[in-house]
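Here is the structure we will look at, set down as structure tokens.
In UniProt numbering, the protein residues as written are 1 to 301.
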């Protein structure tokens, strides 16, 4: 197949590219600098700034493709929300005009539903409790960067050795998530909003994949489980450990499903080939091994 990958040099896109190349597909990588992940005889770099490209330029880039995978994320900044949505809109218009047979959108966790009885329409991006569990998960990992004082305080709490300063450090970091303005960053909010361009849209063939809460670097296992519409949560009661009790019980803590970028690349490559989830909003999970020092993107191999 001839497949265009938008954003081939990023975390998700580079893993998808490697998986597809390993399967013998021919790729067109479209971004400002697609060649930075290396060279391959079946990888054609197509330099184009997706943020500023016209619809006509996008149509030209997408014509003749058997499928398009959108792994594009805009750079951080005050206009990230606008840039994500406006770029997605232009890409959808261009893909339809170019008569692309299949468009796979890589969104974000924020659009997945939580399945709460009291609010069946609530998504991950609506829940402070989910976002706090996500924050705690990230900073409990030895791969995490930044907020070192918070991480050290959390580790001390987990070990039952937290002191007054540790408790205050945790409180200072978590109170804004619990009680302040919306703690969810612009990127997951924009990815959630972009789903509305796809949901119920029968004018073109699409699939919208949302990575689960624990989406991280790691090895490829080749195995995964598919979840439709709902946030993947590990079965079990809310976390009632002494650590959780000390900092506020959280029904999602320790229950977020996960997958490595390599295994999500497997799931997306399978969908490109089989096309079994047309019109689906879905996620995938896999067994996660211990954190490994893996880069945020992979080079072509």
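From the three backbone atoms N, C-alpha and C, an ideal C-beta is built for every residue, glycine too. Bear in mind the structure is a predicted one, so any value in this text is a computation, not a measurement.
{"query": "Distance between beta carbons of residue 136 and residue 253, contact taken as under 8 Å", "result": "6 Å"}
{"query": "Same chain, Cβ closer than 7 Å to residue 268, five either side skipped, listed in chain order", "result": "16, 69, 104, 209"}
{"query": "Whole-angstrom distance between residue 107 and residue 13, CA atom to CA atom", "result": "12 Å"}
{"query": "Where the beta strand (DSSP E) containing residue 258 begins and where it ends", "result": "258 to 260"}
{"query": "For residue 179, the three-state DSSP class (helix, strand or coil)", "result": "helix"}
{"query": "Segment contact flag, the region 271 to 284 with the region 192 to 209, C-beta cutoff 8 Å, min 3 pairs", "result": "yes"}
{"query": "Through-space distance from residue 197 to residue 93, alpha-carbon basis", "result": "10 Å"}
{"query": "Nearest-angstrom Cα separation, counted from residue 183 out to residue 244", "result": "With a pLDDT of 48 at residue 244, under the threshold of 50, the predicted position of this residue should be treated as unreliable, though the coordinate-derived value follows. Between residue 244 and residue 183, the C-alpha separation is close to 20 Å."}
{"query": "Residues near residue 32 in its chain [Cβ-Cβ closer than 6 Å; skip 5 each side]", "result": "49"}
{"query": "Supposed close pair residue 21, residue 40 - CB separation, criterion 8 Å", "result": "6 Å"}
{"query": "Cβ shell of residue 146 (< 6 Å), same chain only, five flanking positions each side left out", "result": "Note on residue 146: pLDDT 47, under 50, position unreliable in the model; the coordinate value appears next. Contacts found: none."}
{"query": "Expected contact under 8 Å - CB spacing of residue 37 and residue 297 to nearest Å", "result": "7 Å"}
{"query": "Where residue 118 falls: helix, strand or coil (DSSP)", "result": "coil"}
{"query": "For residue 11, three-class secondary structure by DSSP", "result": "helix"}
{"query": "Given residue 255 as reference, the closest of 274, 272, 285 once Cα atoms are compared", "result": "285"}
{"query": "Collapsed DSSP secondary structure at residue 221 in the structure displayed", "result": "coil"}
{"query": "According to DSSP, residues forming a beta bridge with residue 282", "result": "209, 228"}
{"query": "Beta-carbon separation (whole angstroms), residue 116 vs residue 250, contact threshold 8 Å", "result": "At roughly 14 Å, the Cβ-Cβ gap does not stay under 8 Å, so residue 116 and residue 250 are not in contact."}
{"query": "Expected contact under 8 Å - CB spacing of residue 165 and residue 154 to nearest Å", "result": "That belief does not hold up - the Cβ atoms of residue 165 and residue 154 are roughly 13 Å apart, past 8 Å."}
{"query": "Buried or exposed by the 16-neighbour rule on C-beta atoms within 10 Å, applied to residue 73", "result": "buried"}
{"query": "Expected contact under 8 Å - CB spacing of residue 257 and residue 214 to nearest Å", "result": "6 Å"}
{"query": "Paired residues, beta bridge with residue 5 - DSSP", "result": "29, 69"}
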